[in-house]
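A.B. asks: Numbering of the sequence shown is given in the UniProt record's numbering, commencing with residue 1 and proceeding in unit increments. All C-beta atoms in this analysis are idealised placements derived from N, C-alpha and C, irrespective of residue type, glycine included.
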Amino acid sequence: MDTFQPKDVTTQAKAIASQHPPIAQSSTFLASTVRVLDPAGIPVVDARRVKCLGTNTINYGDLEGAIDVSAVGHLVEPGQLRAIAHVLRGNLAKDMNGRRSISVREMLLYEAN
Numbered sequence: 001m002d003t004f005q006p007k008d009v010t011t012q013a014k015a016i017a018s019q020h021p022p023i024a025q026s027s028t029f030l031a032s033t034v035r036v037l038d039p040a041g042i043p044v045v046d047a048r049r050v051k052c053l054g055t056n057t058i059n060y061g062d063l064e065g066a067i068d069v070s071a072v073g074h075l076v077e078p079g080q081l082r083a084i085a086h087v088l089r090g091n092l093a094k095d096m097n098g099r100r101s102i103s104v105r106e107m108l109l110y111e112a113n
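(1) Relative to the C-alpha of Y60, which residue among S70, H74, H86, P78 is closest?
(2) If you reduce the DSSP assignment to three classes, tell me which class L75 lands in.
(3) According to DSSP, K51 sits in a beta bridge with which residue or residues?
(4) Suppose the cutoff is 6 Å on Cβ atoms and the five residues either side in sequence are ignored; what does the same chain contact list for N56 look like?
(5) Would G54 pass as an interface residue toward chain B - the criterion being a Cβ-Cβ separation below 7 Å?
(6) Would you grab the beta carbon distance between C52 and L81 for me? Rounded to a whole angstrom, and I think it's under 8 Å.
(7) Using the DSSP secondary-structure output, state which residues sit across from Q5 in a beta bridge.
(8) Roughly how many angstroms lie between the CA atoms of A83 and Q25, to the nearest whole one?
(9) DSSP three-state label for G67, please.
(10) Is it right to say I16 is buried, meaning 16 or more other beta carbons lie within 10 angstroms of its own, or is it exposed?
(11) Go ahead and pull the three-state DSSP assignment for A24.
So, in structure tokens, the structure goes:
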């Protein structure tokens, strides 16, 4: 922008960039990794023992620690978090027919059946 008017400075920017050596990056930088949820990681607990605090935290019974989902900005209603907590409790605690990974969509479809 030059006095609130767009101005093409691509050539100047490339000239400045060519004066500096490229920054070396690790070959694993931003490498795609598959996250696999381990069903053994969530113990079987009574459904009445699942507690949610607003849209931020899931507690499973008397277990130490909690799942903090405060970074998930898409949850706007406590019922959404309760649904997620019950799906996780019910489906990840099961073996899911021997499968080691499952998507949230598959968990929800499995719960419906």
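C.D. replies: On the basis of the supplied data:
(1) Restricting attention to S70, H74, H86, P78, the CA atom closest to the CA of Y60 is found in H86.
(2) coil
(3) N59
(4) S70
(5) In summary, chain B is missing from the structure at hand, where a single protein chain is found.
(6) The pair is a contact, with the Cβ atoms about 5 Å apart (cut-off 8 Å).
(7) Per DSSP, D2.
(8) 41 Å
(9) The sequence shown places Ile at residue 67, not Gly. Strand at I67.
(10) exposed
(11) coil
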